[in-house]
Amino acid sequence: QKEVEQNSGPLSVPEGAIASLNCTYSDRGSQSFFWYRQYSGKSPELIMFIYSNGDKEDGRFTAQLNKASQYVSLLIRDSQPSDSATYLCAGDDPGGYNKLIFGAGTRLAVHP
Amino acid sequence: EAQVTQNPRYLITVTGKKLTVTCSQNMNHEYMSWYRQDPGLGLRQIYYSMNVEVTDKGDVPEGYKVSRKEKRNFPLILESPSPNQTSLYFCASSLRGRHNEQFFGPGTRLTVL
Numbered sequence: 028q029k030e031v032e033q034n035s036g037p038l039s040v041p042e043g044a045i046a047s048l049n050c051t052y053s054d055r056g057s058q059s060f061f062w063y064r065q066y067s068g069k070s071p072e073l074i075m076f077i078y079s080n081g082d083k084e085d086g087r088f089t090a091q092l093n094k095a096s097q098y099v100s101l102l103i104r105d106s107q108p109s110d111s112a113t114y115l116c117a118g119d120d121p122g123g124y125n126k127l128i129f130g131a132g133t134r135l136a137v138h139p
Numbered sequence: 016e017a018q019v020t021q022n023p024r025y026l027i028t029v030t031g032k033k034l035t036v037t038c039s040q041n042m043n044h045e046y047m048s049w050y051r052q053d054p055g056l057g058l059r060q061i062y063y064s065m066n067v068e069v070t071d072k073g074d075v076p077e078g079y080k081v082s083r084k085e086k087r088n089f090p091l092i093l094e095s096p097s098p099n100q101t102s103l104y105f106c107a108s109s110l111r112g113r114h115n116e117q118f119f120g121p122g123t124r125l126t127v128l
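Protein chains in written order, with our numbering: chain G, 28 to 139; chain P, 16 to 128.
Written out as structure tokens, the structure reads:
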């Protein structure tokens with residue numbers, strides 16, 4: 028069973044701090060990884076994607092991929108209350124056409 | 016505006032009454048997919064389509080049907096809904112390829128009594 032695992036949280040951080048969200052994946056054949064943000068009752072929206080080992084930065088967001096450890100993370104710098112949401116980690120299924128395997132999500136709460 | 020639309024957004028129905036949830040995208044994407052989202056279980060794929068007239072089962076296809084007669088539309092059909100199909104449903108679309116972002120529709124909240 029191919030899996031993407033995330034800590035469900037909630038992860039609570041103060042405003043201005045760095046939030047660190049993590050996920051692990053089971054299939055070494057996965058190449059592409061996506062972080063989606065989902066506000067309560069809304070649809071997922073893409074924050075970052077990464078497919079090379081190392082870091083990828085976009086504004087306040089940094090995605091990190093370590094294929095040897097099968098580990099993906101998302102760092103949010105200068106966290107804002109508007110960042111409070113559930114963050115979904117997804118990896119592509121090498122055996123499935125365009126298929127993504129989603130983790131259950133980590134709920135982030137940024138408090139003023 | 017590039018988007019995925021779904022209708023209806025909310026639906027309350029009774030066991031056994033056939034229903035269809037429509038999905039349409041205006042981005043000329045080849046790939047479309049249906050997911051259901053349940054608390055603690057994340058997004059699970061129901062069915063997907065690689066192009067017109069090409070569909071296949073995802074991880075939880077039981078009780079669902081789909082069709083892809085046109086590139087832009089991918090309706091989800093529940094022929095005899097049951098209470099365990101009460102869930103939040105999302106349609107998504109993307110270009111072909113493993114690195115491509117999937118764009119999600121706004122979701123349909125279905126309650127089966």
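Using N, Cα and C, we set each Cβ at its ideal position, and we do this for glycine too. Since the structure is predicted, the reported quantities are computational estimates derived from the model, not experimental observations.
Per DSSP, reduced to three states, the secondary structure at residue 99 of chain P is helical. The three-state reading of DSSP puts residue 105 of chain G in coil, since its state is none of H, G, I, E or B. The distance from the Cβ of residue 50 of chain P to that of residue 105 of chain P is about 5 angstroms, consistent with a contact at the 8 angstroms cut-off. Going by C-alpha positions, residue 56 of chain G is about 43 angstroms away from residue 29 of chain P.
For residue 25 of chain P, the enclosing beta strand (DSSP E) covers residues 25–28. Residue 30 of chain G and residue 125 of chain G have their C-alpha atoms some 16 angstroms from each other. Within the stretch 48–127 of chain G, the complete beta strand (DSSP E) segments at least 3 residues long are 60–65, 72–77, 81–85, 88–93, 98–103, 112–119, listed from N- to C-terminus. Within the model, the alpha-carbon separation for residue 59 of chain P versus residue 52 of chain P is close to 6 angstroms. From the beta-carbon of residue 71 of chain G, the residues of chain P found nearer than 7 angstroms are 119.
Sorting G/91, G/136, G/130 by C-alpha distance to the C-alpha of residue 34 of chain G places G/130 at the top. Under the Cβ criterion of 8 angstroms, residue 88 of chain G is not counted among the residues facing chain P. Taken atom to atom, the span from the alpha-carbon of residue 126 of chain P to that of residue 68 of chain G is near 14 angstroms. Exposure of residue 95 of chain P is indicated by the presence of fewer than 16 other C-beta atoms within 10 angstroms of its C-beta.
Around the beta carbon of residue 17 of chain P, fewer than 16 other beta carbons sit within 10 angstroms, so the residue counts as exposed. In this structure, DSSP gives residue 136 of chain G an extended state, which the three-state scheme calls strand. Sixteen is the threshold: when 16 or more other Cβ atoms of the shown chains lie within 10 Å of the Cβ of residue 107 of chain P, as they do, the residue is buried. Close partners of residue 78 of chain G in chain P (Cβ separation under 7 angstroms): 114. Residue 109 of chain P is positioned such that its CB atom lies closer than 8 angstroms to that of residue 44 of chain P. Per DSSP, the unbroken beta strand (DSSP E) holding residue 47 of chain P starts and ends at 46–53.
In the DSSP assignment, residue 32 of chain G falls within the beta strand (DSSP E) that extends over 31–33. Sorting P/128, P/92, P/111, P/48 by C-alpha distance to the C-alpha of residue 35 of chain P places P/92 at the top.
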